[in-house]
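>
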Amino acid sequence: MSATSVAPGVNIGETIVCRITKAPVRRDEIQTLERLMRRDKANSKALRRSQIMRDRRKVIRTRAGRPWKVGERCGKIVRVEEGSQWTMTLIPQLADDLKAVAKYLEISKA
21 MSATSVAPGV NIGETIVCRI TKAPVRRDEI QTLERLMRRD KANSKALRRS
71 QIMRDRRKVI RTRAGRPWKV GERCGKIVRV EEGSQWTMTL IPQLADDLKA
121 VAKYLEISKA
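Residue numbering for the sequence shown is 21 to 130, as defined by this note's numbering.
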C-alpha cells in the first residue's frame, strides 16, 4: 500500500510528525488517534514505566485460599486534544489508520 496517499511527499519508513488540527467526537476515531499517539517513543516509554510501577505496587490479598494480586487501573498517558503532536515511523500497517483519521491530522516529515 502506498503511503503517498496518506500525505504528499511522505514515504514508508520515514519519520513523520502528526499534529491534531481538530478533536474528533466519535469514540472510534478517538481510540484510533490514541493508538497512533502511543507509537511515539516518549509515550511508549512512559507506558512501559507506568506498567513496571503498577506491577511493583500490586497488593497481594487472599482470594479462595490463595494469593491474589490486586492491581491498580492503568492511567491515560495520551490525550486526544487539538494541538497535540507526536512523532512516529510510517509503516504500511498504519496507512489505513492514518487515512481513517486524516481529516483530523496534519502530517509532515520530521
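We put the beta carbon where it would ideally sit given N, CA and C, even for glycine.
Cα separation between R46 and E54?
13 Å
> Go ahead and pull the three-state DSSP assignment for K119.
Helix.
> If I measure Cβ to Cβ from R77 and keep anything under 7 Å in the same chain, skipping five residues before and after, which residues do I get?
E92
> DSSP state of S64, grouped into three classes?
helix
> Once DSSP output is grouped into helix, strand and coil, what is the label at P112?
P112 falls in the helix class under three-state DSSP.
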